[in-house]
Amino acid sequence: QAEYVLVPYADFNLLKLPERDKAMEKSRDLTCLSDILPTGYPGAVTAGVGPGSTVCVAGAGPVGLAAAASARLLGAACVIVGDLNPARLAHAKSQGFEVVDLSKDTPLHEQIVDILGEPEVDCAVDAVGFEARGHGHEGAKHEAPATVLNSLMQVTRVAGNIGIPGLYVTEDPGAVDAAAKIGALSIRFGLGWAKSHSFHTGQTPTMKYNRQLMQAIMWDRINIAEVVGVQVINLDQAPEGYGEFDAGVPKKFVIDPHKMWGAA
674 QAEYVLVPYA DFNLLKLPER DKAMEKSRDL TCLSDILPTG YPGAVTAGVG PGSTVCVAGA
734 GPVGLAAAAS ARLLGAACVI VGDLNPARLA HAKSQGFEVV DLSKDTPLHE QIVDILGEPE
794 VDCAVDAVGF EARGHGHEGA KHEAPATVLN SLMQVTRVAG NIGIPGLYVT EDPGAVDAAA
854 KIGALSIRFG LGWAKSHSFH TGQTPTMKYN RQLMQAIMWD RINIAEVVGV QVINLDQAPE
914 GYGEFDAGVP KKFVIDPHKM WGAA
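In our numbering, the protein residues as written are 674 to 937.
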C-alpha cells in the first residue's frame, strides 16, 4: 500500500466520477470500482446470469459477495452463497442471499435441494480459486485445489456456464502435492464435457465494466459497500486490517491515508 501511486496513461486509465459532492456520498461504494466489484461482476456475467436465474457462488469473501451482488443486479431469482466460515455466511445471509455451509457433512447438492427443491442451479461462480479447502468436517481441514470446480460441475445444470474469477496459478510452491505445484489439478473434466459446461476464466477486465458499474452505484442499483462490508481505515491500521482479513472477517478494508472521508 502507498500514499501515492503513479498512474500511467492517466487520461485513459482513470475513470471520471460525477461532481464531487454526489461522488463523495457514494465514495465507499465507488472505491470498490478499483478492484472488487469489477472482479466479481464478470464472474456473474460469464456465468450467464440473467433474469430468473438460479446461481451458486462459491466463496463468501469480497469477490464472492461482489459476484452475488452482481448476480442480483443482473436479475437472478435466487443467489446461493457457499463458504466454510460461519461469520461470512451470517453476513451473506444478512444481505439477502441464501447460504450453504460447506463445513457441514451434508453434500452441496442436498443443501441446494433444501433451498430450491432441486439439486442443480442454472449457473455458478467460482470465487475461491486454488486455495480452496475440502467440504465437510474433515475436508475443511485440508487444502483441495480442485474441489470448487468439481463441486460446481456437479450442481450446475446441463449446458450451464461457470464463471471463474477465483485465482488459479501456474506455480504454487506451497501446494499440497507435486501436480498442484505446477498448477495441475484433478479436475473432473469429463463431467464438464458430458454436461456441456462452459468455463470462463482470466484476469479482471476492469475497464470493460467500470463505467457501467459506476452508473449502477450512482443510481442506487447496487449497494456494494454494504454487501462486501467496507470499513475505512488509515494507513497505520493497515497491518491490523490485513490480519483481520487473513482471519476471514466479513469486511473489505479501504485505506484512507489522507483522511479524505474525515474531511468530507
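Each residue gets a CB set at the ideal place from its N, CA and C atoms; glycine is no exception.
Query	Result
GLY732 versus MET891 - alpha carbon distance	27 Å
Span separating the alpha-carbon of ALA937 from that of GLU698	Note that ALA937 scores a pLDDT of 42, beneath 50, so its modelled location is shaky and nothing firm can be said.
Closest by C-alpha distance to ALA750, when choosing among SER767, ALA739, VAL728 and GLY847	VAL728
Bridge partners - CYS796, DSSP secondary structure assignment	VAL728
For GLU793 and GLN827, the rounded distance between their alpha carbons	8 Å
3-residue-minimum beta strand (DSSP E) runs that sit fully inside the region 857-914, ordered along the chain	871-873 and 903-906
Residue range of the unbroken beta strand (DSSP E) whose run includes ASN834	834-836
Exposure label - MET887; buried when at least 16 CB within 10 Å	buried
Nearest to ALA857 (by Cα), restricted to the options SER869, GLY863, VAL772 and GLU844	GLU844
CA nearest to the CA of VAL821, picked from LYS814, GLU811 and ALA800	ALA800
Within the region 741-812, ranges of the alpha helix (DSSP H) (whole runs, at least 4 residues)	759-767, 781-789 and 809-812
Buried versus exposed call for ARG894 [16 or more other C-beta atoms within 10 Å across all chains shown]	exposed
Reduced DSSP secondary structure (H/G/I, E/B, other) of ILE709	helix
Alpha-carbon to alpha-carbon, ASP684 and VAL730	35 Å
Host beta strand (DSSP E) of VAL927 (start-end)	925-928
ARG693 burial status per 10 Å Cβ neighbour count (16 or more: buried)	exposed
Rounded straight-line distance, which links the Cα of GLY809 to that of ASN686	44 Å
Rounded C-alpha distance that separates GLY721 from LYS924	27 Å
Exposed unless 16 or more other CB atoms sit within 10 angstroms - verdict on TYR915	exposed
C-alpha gap between LEU738 and PHE770, whole angstroms	9 Å
Assigned secondary structure, THR829 (DSSP; H/G/I helix, E/B strand, else coil)	strand
Reduced DSSP category for GLU844 - H, G, I as helix; E, B as strand; rest coil	coil
Where GLU917 falls: helix, strand or coil (DSSP)	helix
GLU622, DSSP secondary structure in three states	Lying outside 674 to 937, the shown extent of the chain, residue 622 is not represented and no answer is given.
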